[in-house]
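Let me begin by presenting the structure, written as structure tokens, before commenting on it.
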Amino acid sequence: EVQLVESGGGFVQPGRSLKLSCAASGFIHSNYVMAWVSQAPTKGLEWVASIGTGGGNSYYRDSVKGRFTISRDDAKNTLYLQMDSLRSEDTATYFCARHSDPSYYSAPFDYWGQGVMVTVSS
Amino acid sequence: DIQMTQSPHSLSASLGETVSIECLTSEGISNYLAWYQQKPGKSPQLLIYYVSRLQDGVPSRFSGSGSGTQYSLKISNMQPEDEGVYYCQQGYKYPLTFGSGTKLEIK
Numbered sequence: 015e016v017q018l019v020e021s022g023g024g025f026v027q028p029g030r031s032l033k034l035s036c037a038a039s040g041f042i043h044s045n046y047v048m049a050w051v052s053q054a055p056t057k058g059l060e061w062v063a064s065i066g067t068g069g070g071n072s073y074y075r076d077s078v079k080g081r082f083t084i085s086r087d088d089a090k091n092t093l094y095l096q097m098d099s100l101r102s103e104d105t106a107t108y109f110c111a112r113h114s115d116p117s118y119y120s121a122p123f124d125y126w127g128q129g130v131m132v133t134v135s136s
Numbered sequence: 002d003i004q005m006t007q008s009p010h011s012l013s014a015s016l017g018e019t020v021s022i023e024c025l026t027s028e029g030i031s032n033y034l035a036w037y038q039q040k041p042g043k044s045p046q047l048l049i050y051y052v053s054r055l056q057d058g059v060p061s062r063f064s065g066s067g068s069g070t071q072y073s074l075k076i077s078n079m080q081p082e083d084e085g086v087y088y089c090q091q092g093y094k095y096p097l098t099f100g101s102g103t104k105l106e107i108k
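Listed in order, the protein sequences are those of chains A and B.
Just so we're aligned, residue 15 is where the first sequence starts under my numbering, counting upward by one.
Just so we're aligned, residue 2 is where the second sequence starts under my numbering, counting upward by one.
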């Protein structure tokens with residue numbers, strides 16, 4: 015059974031950093047493009063970043079470029095999101111998600127974690 | 002960025018009714034269009050991909066259609082478990098973008 019379990023969320027002041035983790039099981043992590051998707055309170059879904067297999071080619075939405083870094087450790091079956099220079103508008107639930115088809119980078123998301131909340135406030 | 006315009010914002014339907022949700026894209030996306038359902042407090046679930054392909058385990062009362070810049074999700078024979086928020090998403094190019102969501106409730 016495919017499982018994605020996020021951790022590392024919490025309450026942080028503006029300008030500080032936080033690192034999210036997503037532990038994967040039930041599939042060969044190294045074979046899949048992985049992603050983070052956010053959802054601000056009572057709002058819709060927003061794609062954050064995706065990372066290719068082997069850690070190659072990463073993509074980010076404009077509002078997080080230069081502040082967030084997506085990475086992966088396939089030996090640990092874990093995806094990460096390093097979040098620096100956090101802003102109040104980064105407050106959201108962050109979901110780890112798997113792109114369904116390894117043959118193309120922008121395949122839809124077929125498995126999602128339960129999400130982890132990040133609150134940025136002074 | 003490709004803009005996704007979803008409508009309606011919300012709707013209510015009676016059990017057994019058929020409902021449709023529309024998604025307009027700001028440019029052509031070569032049918033790289035997916036639909037998700039999200040229930041309160043839960044993570045989204047993939048329903049349909051590549052316009053009309055049903056994800057494994059999704060009931061056949063869900064169907065998708067469209068081309069170019071106009072796409073739609075149809076739910077036939079509305080059931081209580083179909084309540085939730087529905088999102089379209091384009092996978093044609095980065096940045097990946099979602100529609101604003103349609104909240105579906107039982108009347």
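Positions of the beta carbon are idealized from the N, C-alpha and C atoms, including for glycine.
Note that the structure is a prediction, hence the values are computed from the model and not measured.
Quiz item: In three-state DSSP terms, what is Ser6(A)?
Solution: Nothing about residue 6(A) can be read from this structure; chain A reaches only from 15 to 136.
Practice problem: Along the beta strand (DSSP E) that carries Ala14(B), what are the first and last residues, could you check? | Solution: Along the second sequence, one-based indexing puts residue 14(B) at 13. Segment Ser11 to Ala14, the beta strand (DSSP E) holding Ala14(B).
Quiz prompt | DSSP state of Asp83(B) mapped onto helix, strand, coil | solution = Counting from 1 along the second sequence, the entry for residue 83(B) is found at position 82. Helix.
Quiz item: Which partner residues of Thr107(A) appear in the DSSP bridge assignment?
Solution: Position 93 of the first sequence holds residue 107(A). Paired residues: Gln53(A) and Met131(A).
Self-check item: Identified DSSP bridge partners for Arg112(A)
Solution: For the purposes of this step, residue 112(A) is taken as residue 98 along the first sequence, with counting starting at 1. Per DSSP, Met48(A) and Tyr125(A).
Exercise. Could you tell me whether any Cβ in chain B is nearer than 9 Å to the Cβ of Leu59(A)?
Key: Within the first sequence, the letter at position 45 stands for residue 59(A). By this cut-off, Leu59(A) is an interface position.
Quiz item: What do you get for Ser64(A), buried or exposed, if any count of 16 or more other CB atoms within 10 angstroms of its CB means buried?
Solution: Residue 64(A) sits at position 50 when you count from the first residue of the first sequence. Per the 10 Å Cβ criterion, buried.
Practice problem: Return the chain-ordered list of same chain residues with a C-beta closer than 8 Å to the C-beta of Thr98(B), the five sequence neighbours on each side being excluded. | Solution: Counting from 1 along the second sequence, the entry for residue 98(B) is found at position 97. Excluding positions up to five away in sequence, the list reads Asp2, Ile3, Gln4, Met5, Gln90 and Gln91.
Quiz prompt | Short-range partners of chain B found in the segment 43–75 of chain A, where Cβ spacing is below 9 Å | solution = Ala49, Val51, Gln53, Lys57, Gly58, Leu59, Glu60, Trp61, Ser64, Tyr73, Tyr74 and Arg75
Quiz prompt | Residues of the segment 34–45 of chain B whose Cβ lies closer than 7 Å to any Cβ of chain A, in chain order | solution = Ala35, Ser44 and Pro45
Self-check item: chain A contacts from the segment 69–96 of chain B (Cβ-Cβ distance under 9 Å)
Solution: Val86, Tyr88, Gln90, Gln91, Gly92, Tyr93, Lys94, Tyr95 and Pro96
Quiz item: From Ser61(B) to Glu15(A), what does the alpha carbon distance come to, in whole angstroms?
Solution: Within the second sequence, residue 61(B) is the residue found at index 60, counting from 1. Within the first sequence, residue 15(A) is the residue found at index 1, counting from 1. Between Ser61(B) and Glu15(A), the C-alpha separation is close to 23 Å.
Practice problem: Give the DSSP bridge partners of Asp87(A), in chain order. | Solution: As a first step, residue 87(A) is located in the first sequence; it is residue number 73 there, counting from the start. In DSSP, Asp87(A) forms a bridge with Thr92(A).
Quiz prompt | Per-residue contacts from Thr98(B) into chain A (C-beta, under 8 Å) | solution = As a working note, residue 98(B) is residue 97 in the second sequence. Those within 8 Å of Thr98(B) in chain A are Trp61.
Practice problem: Look at the alpha carbon of Gly68(A) and the alpha carbon of Ser44(A), and state the distance between them as a whole number of angstroms. | Solution: Counted from its first residue, the first sequence places residue 68(A) at position 54. Counted from its first residue, the first sequence places residue 44(A) at position 30. So the two alpha carbons sit approximately 7 Å from each other.
Self-check item: Distance between Lys90(A) and Tyr73(A) (C-alpha atoms, nearest Å)
Solution: The sequence position of residue 73(A) within the first sequence is 59, counting from 1. The sequence position of residue 90(A) within the first sequence is 76, counting from 1. Whole-angstrom Cα-Cα distance: 22 Å.
Quiz item: Can the beta-carbon of Gln7(B) be found less than 9 Å from the beta-carbon of Cys24(B)?
Solution: In the second sequence, counting from the first residue as 1, residue 7(B) sits at position 6. In the second sequence, counting from the first residue as 1, residue 24(B) sits at position 23. Yes; because the gap between Cβ atoms is below 9 Å, this pair is in contact.
Quiz item: Helix, strand or coil for Val59(B) per DSSP?
Solution: Within the second sequence, residue 59(B) is the residue found at index 58, counting from 1. Val59(B): coil per DSSP, three-state reduction.
Quiz prompt | As assigned by DSSP and simplified to three states, the class of Thr26(B) | solution = Numbered from its first residue, the second sequence carries residue 26(B) at position 25. Strand.
Exercise. Can you tell me which of the three DSSP states Gly40(A) falls into?
Key: Start at 1 with the first residue of the first sequence, and residue 40(A) comes out as number 26. Of the three classes helix, strand and coil, the one that applies to Gly40(A) here is coil, per DSSP.
Quiz prompt | Rounded separation between Ser68(B) and Val52(B) - CA only | solution = Residue 68(B) sits at position 67 when you count from the first residue of the second sequence. Residue 52(B) sits at position 51 when you count from the first residue of the second sequence. Those two C-alpha atoms are separated by around 8 Å.
Quiz item: Is the Cβ-Cβ distance between Asp104(A) and Val130(A) less than 9 Å?
Solution: Translated into positions along the first sequence, residue 104(A) becomes position 90. Translated into positions along the first sequence, residue 130(A) becomes position 116. Taking 9 Å as the Cβ cut-off, Asp104(A) and Val130(A) do not qualify as a contacting pair.
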